[in-house]
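Just below is one structure, and these are the notes that go with it.
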Amino acid sequence: KILPSKLGGLATLWAMLPNHQIQRHPHHQPYKRFLFIELPSPMLLWMTGIHTKDKCFQLLPCYLDLQDPKSREILVRMTQTGYYRLLLFSTETPQKCTQVMTTTLDPQQCQMLHEWLEASQISETKAQSGVSKFLLKNEFEKIKSQPLEKFDSDNLNYPLAI
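Right, here's the structure in full:
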């Protein structure tokens with residue numbers, strides 16, 4: 006979601022977690038990883054991983070349909086600014102934002118995301134995004150079942166295409 010600010014629109018990822026999990030998140034850089042699929046319809050899986058103080062790892066997925074103007078705008082903002090904000094909301098009442106984390110992207114990630122945006126613009130496919138989302142969900146399940154070290158390793162902390 007694009008959040009209006011004095012600096013212009015900010016790319017944000019919103020997640021709801023139990024309050025006790027939010028309180029345990031240390032204030033360090035979350036991990037991020039991106040997977041892109043061009044066919045049958047251009048779509049991006051944007052994953053953010055957060056460590057808790059008790060050594061748990063929470064993996065948060067977000068699917069961006071790159072044929073949707075709002076999704077494209079989120080990605081444009083991320084590549085322009087080199088960061089996004091992670092807003093954590095409590096699942097308990099009151100359901101308010103209880104923590105905001107800034108997640109920076111390295112230049113290689115910004116470049117790859119920019120290239121994927123361009124590729125999705127020239128894509129002539131008019132296919133339903135449901136198939137692409139299904140394929141990315143399968144990849145997410147594989148990643149989720151891997152040991153943390155795989156997600157945490159440098160070579161997987163860069164955008165990948167499937």
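Sequential numbering of the sequence shown, starting at 6, is according to the numbering used here.
All C-beta atoms in this analysis are idealised placements derived from N, C-alpha and C, irrespective of residue type, glycine included.
This one's a predicted model, so the numbers in the text were calculated from it and none came from an experiment.
In terms of alpha-carbon separation, which member of the options lies closest to residue i?
i    : options                  : result
F39  : V105, L50 and F62        : L50
G54  : L12, L141, L93 and Q126  : L93
T107 : T96, L91 and K101        : L91
L22  : S134, T103 and F145      : T103
I7   : S134, K101, S128 and S76 : S76
Q34  : S134, L110 and V136      : L110
T4   : L65, C61 and P45         : Residue 4 is absent from the structure shown; the chain starts at 6 and stops at 167.
Exposed or buried, what is residue i when buried is set at 16 or more other beta-carbons lying within 10 Å of its beta-carbon?
i    : result
P47  : buried
K37  : buried
F139 : exposed
L15  : buried
L12  : exposed
Q133 : exposed
L44  : exposed
What's the C-alpha gap between residue i and residue j?
i    : j    : result
I148 : T96  : 25 Å
F145 : S10  : 32 Å
K142 : Y68  : 9 Å
H25  : S150 : 24 Å
Q113 : G87  : 10 Å
A124 : M52  : 20 Å
Q85  : C115 : 8 Å
F62  : P99  : 25 Å
Discussion item. Could you check whether the segment 70–90 touches the segment 103–122, counting it as contact only if at least three pairs of C-beta atoms, one from each stretch, sit closer than 8 Å?
Written reply: yes
Item to complete: Please list the segments of the alpha helix (DSSP H) lying wholly inside the segment 103–127, counting only runs of 4 or more residues, in order along the chain.
Response: Here the runs fully enclosed are 112–127.
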